[in-house]
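Read left to right, the sequence shown gives residues 1 to 640 (full-length UniProt numbering).
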Amino acid sequence: FFSICFIRKGMGRMSDASMFTLCPQSNQSPDPAAILGLKAIDFSAVLQLKQQQWLAGTREWLFDQMDEWLADPDGARTLWLVGRGGTGKTMALTEWLERKVQQKCVAAWHFFRHDEVSQSSPPMLLSSLSAMLCQHVPGYQAQLDAAAVSHALASGELHELFHTLFSKPLQFVEAPFGGPMVMCIDALDEVPVDTQSVSERLNVILNMVPLLPHWLRIFVTSRDNHQVRRTLEQFEPLVLPLEGALHRADMRAYLRLVVRRYVRGDCNAPALERLVEDEFPELSGMMEGQLRGLERASAAEFKRTQSAVPLYWPQQRPQPPTAAEEEQVPEVVQALLQQLCESAGADYDEVEDFIGQQLKAARQDAAARAARLIERKADGLFSYAALLNGHLQAEEAAGRGLDMARLACLPRGAAELFKAQFQRAFPKGVFEPLWTKAVRLLEAAAAAPDPLLAEVASQVLAADAGPGTNAGANAAFNRADAAATQELAGAVGLALRDGRYRFVHKSLVEWLVGHDGSSGVPTAGEFAVDTANGMVHLAEVHGLEHPIAARVSKERSPQPGLPQSTKRNPEPSHCESPPNVFPEIADSPPFPARQDSYCRSRTTSLHEVPAQTEPLHSSYPSHDPSEDWDSPSYWVHGGV
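Structure, rendered in structure tokens:
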């Protein structure tokens, strides 16, 4: 469903050397940081995934401003990239990060994830950043006191960690010859459990910035969170909001590549016939009815004709990064023209090129107009474009193509897309037999502090729904269980990666568990899930007596003298799996994976970028509370 994770198995965008520079060292000589007990968190999966999403030619205006900030010797100590959930903050950061790593300007990086609580603690953050400083900052590791580092890590006391890992050693490290370096921290506001988690992270930033030397700066991304704003404003950061005309231009370029696979152009056979006869008078009269016969073809033949579209790429680049280099020539028309030109004495190559250009222009024009219309529905969110790609893919599979008349019927915003996908998977809503299983899986995944282990997910589905049972302890985890669980998980937006199930985007979790601020009505309506139930399911599987689980189970236990309620969704002995409306992104990326060497040298844009009319933002952007999503986000994941 959300084809924004354009990651193909075995087709990572970065070369091996490039990936290696962005990951903790391995398969080499022992890491000096590891000897000291410091461990850098491996974010290679996040980096590879998000860099595959970046579209060549976009975000260059943003990268230019970031470069100016880092190169300015008098620049602000802190850069804050701010935007609503789904506007592409992490995607922009990872692409810029790779460029700067190649230039040896990056000292360390950290990516907060809503579903990775174990990586969110301040001690682990500081340890990981320090380990990366050992790898990327010359002279830093030599200034660390091994005994003091060991004691600080063992104590976990933040003040001691700050002093041992940053304050003391950095004051003896010489400024790099190449200019300032930067530490990047993504999704500072992503709250895995509660608001206290954000406060702890902000305290880390608050205490860290004054300890850093003038040559080491901090780059953070987050939503326009009031806690983040209040903390960062003390350092007078440079604020770059993801909004405005240039952001919308990137959005349109991205949408064009999504919809061009599904939109139908306006160049029909009669119009094409007239264009050819005007350009080549020698064919006048000979084409009467020839191309129009295509309109009378059977539905199967017409579908075959539409699908017969060979794509020709420049030889030096096996996969094109943009639609601008695409040529489409339907084979049926090609064969017909061969005969017509031979009988009329016309130049076949010239006629073929002319028709190809007309078909290409019609398709691109239709895609451009569709992108402009859909832009209003997307509201500047790249995550919507990813969701839309999956939605259109499912519509096409159902035989419903996209034309201009149907654009107005497309869901508006991520919430409507979620609703449409769940309705497709469960046509009878919560009365669909398989929803009983699906809601258990969703509740467990939403309640779990870390991504749900595949074994646990299967046990949750196998466990008896009755209170107080521990069927999960006796559930055998076999290949059949794993396949059934993965099929159901794919239908509800859970993707399997590294043996764990993750929600494809934080906004899906927010939609499932959230409530309308004014009315209190669940945002997901009948598909809403309860994390308290999820705690019960997890406790049952592990044989634990979770405090909340015990309370919920007690409340739901049959009371003496009261009739036992029947389950609203009785589960039949066999349920047919729902359609997977969240297909693997690797199967159908909206645009091809780009080649690393080509993309690093590419400077031209996919669209005409107007002259920079908006100055660098040195003050905070205007804030519209209606644009806030209630909690942090990230939609797109490698399996969806």
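Don't be surprised by glycine CBs; every beta carbon is placed ideally from N, CA and C.
DSSP places VAL46 in the uninterrupted alpha helix (DSSP H) bounded by 44-53. Straight-line spacing of the CA atoms in ASP498 and GLN338 works out to 53 angstroms. Per DSSP, the continuous beta strand (DSSP E) segment holding PRO241 begins and ends at 238-241. Nearest to LEU232 by alpha-carbon distance, out of TYR254, VAL258, VAL204, is VAL204. Only residues of its own chain outside the window of five on either side were considered, and among them ALA385, LEU388, ASN389, PRO590 have a CB closer than 7 angstroms to the CB of VAL258, listed in chain order. Annotated as proximal: ALA152 and LEU165, with beta-carbon spacing under 9 angstroms.
SER507 counts as buried, since at least 16 other C-beta atoms from the protein chains shown sit within 10 angstroms of its C-beta.
Annotation: the segment 157-210 contains the following complete segments of the alpha helix (DSSP H) (minimum length 4 residues), in chain order: 158-162, 195-208. Annotation: the segment 388-467 contains the following complete segments of the alpha helix (DSSP H) (minimum length 4 residues), in chain order: 404-407, 413-425, 435-447, 454-462. Straight through space, the alpha carbons of THR87 and TYR254 are spaced by roughly 12 angstroms. Annotated three-state conformation of LEU216 is strand, per DSSP. Counting only runs of at least 4 residues, the segment 74-141 fully encloses the following alpha helix (DSSP H) elements, listed from N- to C-terminal order: 89-102, 122-136. Around LYS89, the same chain offers LEU81, GLY83, THR221 as residues with beta carbons nearer than 6 angstroms, after the five sequence neighbours per side are excluded. In this structure, the CA atom of PRO449 is about 59 angstroms from the CA atom of PHE354. According to the DSSP secondary-structure assignment, PHE503 is paired through a beta bridge with LEU494. Taking the Cβ atoms as the reference, VAL101 lies roughly 16 angstroms from TYR140, outside the contact range of under 8 angstroms. Inclusion of GLU236 and PHE112 in the CB contact set at 9 angstroms is not warranted, their separation being larger than that value. The DSSP-derived three-state label of VAL521 is coil.
Per DSSP, the beta-bridge partners of THR221 are LEU81.
For the set VAL529, GLU200, VAL504, ALA524, the Cα lying nearest the Cα of LYS50 is the one of VAL504.
CYS184 is classed as buried because its beta carbon has at least 16 other beta carbons within 10 Å across all chains shown. DSSP places VAL258 in the uninterrupted alpha helix (DSSP H) bounded by 245-259.
With respect to ALA491, ALA532 sits apart: the two C-beta atoms are not nearer than 9 angstroms. The secondary-structure analysis by DSSP pairs HIS515 across a beta bridge with PRO522.
Each residue's CA atom was taken as its position, placing VAL46 and LEU93 some 11 angstroms apart. Judged by DSSP secondary structure, ASP67 falls within the alpha helix (DSSP H) whose first and last residues are 60-71. Residue state for VAL529 is assigned as coil, using DSSP reduced to three classes.
Nearest Cα to GLU243 within the set GLY429, ARG229, ARG223: ARG223.
Residue burial is scored here from C-beta neighbours: GLU487 has fewer than 16 other C-beta atoms within 10 angstroms and is therefore classed as exposed. Note that the C-beta distance between ALA175 and HIS114 is not below 9 angstroms.
Inclusion of LEU211 and SER167 in the CB contact set at 9 angstroms is warranted, their separation being smaller than that value. Only buried fits VAL239, as 16 or more other CB atoms lie within 10 angstroms of its CB.
In terms of Cβ geometry, LYS360 and ARG412 do not form a close pair [threshold 9 angstroms]. Rounded to whole angstroms, the Cβ separation of PHE382 and MET91 is 7 angstroms, and the two are in contact under 8 angstroms. With a cutoff of 9 angstroms on beta-carbon distance, LEU373 and LEU417 are scored as not near each other. The Cβ-Cβ distance between ALA454 and LEU392 does not fall below 9 angstroms.
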